[in-house]
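Using this note's numbering, read the sequence shown as starting at 38 and increasing by one per residue.
Heads up, the beta-carbon is just placed ideally off N, CA and C, and yes, glycines get one too.
Computed from a predicted model, the values in this text were never measured in an experiment.
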Amino acid sequence: MRLIRICFGAVMSMQGIAARRVRRAQAGVGSATICLATSFGLQAQAADADANASKTVEDLIVTASPSISAFSGTLQNTAQNVNVIPAQVLTDQAVSSVQEALKNVPGITLNAGEGGTHGDNINLRGFAASDDFFLDGLRDTGFYTRDSFNLEALEVYKGPASAQFGRGSTGGVVNQVSKTPQLSDFYNGTLVGSANSEGRATADLNYAINDDTAVRLNAMGEDAGVAGRDYVENRRWGVAPSVSFGIGKPVSLTLNYLHQEQNDTPDYGIPFAFGAPVPVPRKTYYGLPSDDRTITRDDIGTALFRAEISDKVWFTDTARAGNYYFDSRMTAAHYGATPPAPGTPLADVLTFRDRPSVAGTVSTLMNDADLHWKFDLGPVSNHAIFGIELDREESDLERFANQLNQIPGTPILDPDPNEPFPGRQTQVTSRPDTVTKTVSGLIEDTLDFGEHFEATTAVRLDRFNATYNEPITAQHFEHTDTIASPRVALVYKPTSKISVYAAYGTSYDPSAENLSLSAKTASLAPERDHTYEVGVKGQALDGKLALQAAIFQTNMENARVGDPTNPANPQILAGEERVRGFEADAIGHLTEHLEIIAGYTYLDSVTLKSTDPLSVGAPLLNTAPNQANLWLEYEFTGPWEIGAGLNYLDRRAADVDNTAHVPSYVTLDAMVKYRVNSHLTLQLNGTNLTDKYYFANSYFSSPEENHVLPGPGRTVLLTASISY
């Protein structure tokens with residue numbers, strides 16, 4: 038492609054982002070498509086687009102670094118899978134949320150809401166990761182639907198990384214990289230419409246005040262239904278102003294603020310019956326839309342400071358205050374005391390309405406400081422990192438009576454969405470308040486032994502204190518864990534285009550990881566996880582195509598399970614789970630005009646030990662053995678560009694005993710783009726072109742309480758993009 042394009046996009050499971058070239062705006066037009074700056078650690082400007090046109094995968098990956106300060110070295114030599122999805126890919130695929138964007142990352146499955154929870158909820162490499170979302174390197178604790186309007190990129194760090202991120206990260210973490218001010222003026226906007234009543238608008242405005250100071254404003258509004266689903270509505274808006282001082286200078290400061298609100302009619306999907314989703318039309322809705330709602334208000338302020346003391350010593354500090362309010366009133370199908378007996382005609386089965394509703398606020402105060410020091414010890418070059426992190430998180434909730442026994446049953450094959458019910462819940466059953474305080478220290482050193490070998494050792498020490506108070510039941514619990522999380526890795530570089538690595542990492546999951554304690558878990562030590570990974574990263578076609586393959590094994594050796602010998606059924610650390618896997622990825626240019634993003638993951642998951650004998654030998658719930666994604670784009674020499682792709686997810690177990698399953702599926706997507714002129718581009722996207730009736734999100738608590746969410750039906754979106 039003769040036109041300039043840096044953002045070629047996508048899942049870079051191996052080396053982060055490769056070198057997709059970004060189409061530069063015509064003369065005199067500010068470019069808003071240079072979206073790899075943050076992920077590559079570059080400060081690319083519109084004026085640099087021509088120079089970047091000649092950059093290959095090798096140029097960008099070999100010198101690029103992760104955006105997380107706690108990592109040293111380059112993405113090429115990072116001994117860990119790091120998938121990076123830049124903003125341009127989200128634009129090309131007409132993606133508007135983090136959850137949608139993650140379809141580009143194999144090894145991720147989607148969980149459905151439970152117990153009144155909401156927001157993004159995923160499994161990563163077979164392990165729950167709802168608490169493993171980060172924003173600019175700090176934990177993004179709130180439960181909300183993360184919109185992509187203010188994202189420069191998404192980074193997915195696979196495998197345990199408690200040495201860098203603290204608690205959690207058994208399967209990995211998802212880090213959102215925010216847009217930051219640039220030293221060029223541009224004013225961009227989009228308008229999106231579809232046949233299923235979707236309306237969406239975004240704005241991205243940047244103004245350079247002088248040669249080192251700039252401001253940027255991103256805004257978004259959306260009101261959309263879900264194709265094929267009755268009553269479900271997604272309504273949200275957001276604004277994200279930011280200002281940067283000292284851009285390109287030794288000392289810099291960026292201040293940003295994110296405000297996002299949503300008022301949705303939520304979707305708790307379709308229940309299981311006899312091991313499979315109930316065979317009803319996709320539109321079937323089991324909720325009570327006159328009262329069901331998910332309201333959130335999220336306010337996140339972040340300060341990012343960097344001081345370069347010399348070319349060998351620099352200091353970074355990221356501070357944040359966050360407040361996440363939510364009010365979730367939702368209705369899900371529930372079988373009551375017992376599920377229907379096998380063989381019962383579905384026409385005779387009734388389902389009841391469970392309303393697991395909760396409201397409250399999560400507030401956070403966080404600060405992470407890292408000192409980087411490069412020095413030599415004889416022939417060995419060192420890059421040392423000394424880090425300190427201080428966090429305070431508080432969850433203050435009200436849980437309401439679920440009205441399960443107050444609403445008559447409704448036919449499971451034809452539920453009545455207008456069925457009378459007692460009204461909005463007012464009876465508060467509990468007011469749990471959980472406060473966690475974390476003090477962490479990190480020491481990391483990357484040793485460069487010359488041209489061919491590099492080694493990294495890291496250890497993080499966390500003191501994690503949790504206090505739980507519930508006044509209605511007069512419960513009080515307090516628990517403190519002090520945990521060391523080591524990580525070691527070795528990289529062998531036979532050539533500048535190939536890196537072979539071996540790594541060992543750990544993670545821990547405390548009882549209060551999700552800001553909640555109970556009598557069943559308060560006394561338990563953390564779950565511990567260990568991962569071994571071996572991989573290779575390389576480049577082909579003269580540096581235009583990046584390839585990777587890796588094998589890994591993760592063991593959770595003391596998983597929490599119920600104690601069958603105690604009538605109170607407290608949890609004990611007697612379980613063991615294992616995931617063995619293989620991943621392969623390709624990203625880059627197959628020809629001058631044809632680009633590819635492709636990934637495949639194989640996961641062999643199993644429960645090795647449990648107090649539930651039925652689960653021993655069963656796969657981990659909602660873990661697909663096989664998963665693949667493919668996206669191809671072809672850019673013609675004229676104003677046209679086309680793209681097409683598919684996503685495949687294998688059949689997966691819905692419950693721990695492997696008695697219920699979610700069917701496999703393949704979805705097909707396509708895109709056509711036409712540049713009308715230097716200021717206007719029209720784009721047509723079709724998703725799920727075959728109108729496949731498939732299930733994306735799954736939740737299975739028991740045979741009585743479970744559901745699965747249908748994915749959207751065929752959707753056609755028309756986008757008009759305006760750039761100045």
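Buried or exposed: where does residue i fall if 16 or more other Cβ atoms within 10 Å of its Cβ makes it buried?
| i | result |
| --- | --- |
| Asn743 | buried |
| Pro749 | buried |
| Phe412 | exposed |
| Thr375 | exposed |
| Ser758 | buried |
| Phe673 | exposed |
| Phe490 | exposed |
| Val94 | Bear in mind that the predicted position of Val94 carries a pLDDT of just 46, short of 50, making it unreliable; the figure below should be weighed with that in mind. Its Cβ being crowded by 16 or more others within 10 Å, Val94 is buried. |
| Thr568 | buried |
| Ala81 | Reliability fails at Ala81, whose pLDDT of 31 lies under 50, so the model's placement of it is uncertain and the value that follows must be treated cautiously. So Ala81 counts as buried. |
| Thr602 | exposed |
| Trp677 | exposed |
| Gly285 | exposed |
| Arg61 | Confidence at Arg61 is low in this model, with a pLDDT of 29, below 50, so the placement of that residue is unreliable and no value is reported for it. |
| Thr475 | buried |
| Asp385 | exposed |
| Gln349 | Residue identity check: residue 349 is Lys in the sequence provided, not Gln. Looking at its Cβ environment, which holds fewer than 16 other Cβ atoms inside 10 Å, Lys349 is exposed. |
| Thr146 | buried |
Just list the residues that DSSP pairs residue i with in beta bridges.
| i | result |
| --- | --- |
| Gly373 | Paired residue(s): none; Gly373 is not in a bridge. |
| Asp304 | Asp304 is not bridged to any residue. |
| Asn293 | Ser279 and Thr339 |
| Met367 | DSSP output for Met367 lists no bridge partner at all. |
| Gly209 | Lys195 |
| Leu667 | Ala635 and Leu683 |
| Gln576 | Ala583 |
| Ile759 | Gly226 and Leu717 |
| Tyr529 | Phe490 and Val537 |
| Leu254 | Leu242 and Pro278 |
| Thr447 | Thr388 |
Report back the beta-carbon spacing between residue i and residue j to the nearest angstrom; my notes put them in contact at under 8 Å.
| i | j | result |
| --- | --- | --- |
| Ser215 | Asn243 | The pair is not a contact, with the Cβ atoms about 13 Å apart (cut-off 8 Å). |
| Thr355 | Asp329 | With 8 Å as the limit, Thr355 and Asp329 do not qualify as a contact, their Cβ atoms being about 37 Å apart. |
| Gly21 | Asp169 | Given that the chain is displayed from residue 38 to residue 761, the structure contains no residue 21 and the question cannot be resolved. |
| Gly306 | Leu658 | 16 Å between Cβ atoms; not a contact. |
Please say whether residue j and residue i have beta carbons closer to each other than 8 Å?
| i | j | result |
| --- | --- | --- |
| Pro123 | Asn666 | no |
| Asp249 | Gly208 | no |
| Ser281 | Gly262 | no |
| Val772 | Ser365 | Residue coverage of the chain in this structure runs from 38 to 761, which leaves residue 772 outside it and unanswerable. |
| Ser418 | Asp482 | no |
| Thr463 | Glu456 | no |
| Arg162 | Val616 | yes |
| Leu582 | His516 | no |
| Val496 | Ala521 | yes |
| Ala149 | Ser735 | yes |
| Glu507 | Pro469 | yes |
| Phe732 | Asp692 | no |
| Asp304 | Val269 | yes |
| Leu631 | Tyr671 | yes |
| Thr648 | Gly618 | no |
Nearest by alpha-carbon distance to residue i: which of the options is it?
| i | options | result |
| --- | --- | --- |
| Gly636 | Pro607, Gly680, Ala587 and Tyr671 | Ala587 |
| Asp453 | Asp405, Thr368, Asp428 and Asp407 | Thr368 |
| Thr765 | Ser206, Ser231 and Gly338 | Residue 765 lies beyond the range of the chain shown here (38 to 761); nothing can be said about it. |
| Pro604 | His626, Lys557, Val193 and Gly625 | Lys557 |
| Ala310 | Ala370, Val269 and Tyr639 | Ala370 |
| Gly542 | Thr115, Thr146, Ala198 and Ala149 | Ala198 |
| Glu620 | Asp600, Asp649, Asn595 and Gln664 | Gln664 |
| Asn247 | Asn293, Arg266 and Ser221 | Ser221 |
| Thr321 | Asp451, Arg429 and Ala406 | Asp451 |
| Leu719 | Asn592, Lys710 and Pro459 | Lys710 |
| Ala344 | Leu290, Pro316, Arg266 and Pro308 | Leu290 |
| Phe389 | Thr217, Phe171, Gln440 and Asp518 | Gln440 |
| Tyr529 | Ala313, Gly575, Asn722 and Thr331 | Gly575 |
| Thr519 | Lys534, Asp129, Gln130 and Glu564 | Glu564 |
| Ile422 | Glu614, Leu479, Asn595 and Ser104 | Leu479 |
| Ile633 | Pro523, Ser647 and Ile679 | Ile679 |
| Thr724 | Asp687, Leu561, Thr752 and Pro379 | Thr752 |
| Gln585 | Ala378, Leu292, Gly682 and Val573 | Val573 |
| Leu292 | Ala238, Ser167 and Thr339 | Thr339 |
Residue i: beta carbon under 7 Å from a heavy atom of the ligand NAP?
| i | result |
| --- | --- |
| Val135 | Because no ligand of any kind appears in the structure shown, any question about the ligand NAP cannot be addressed here. |
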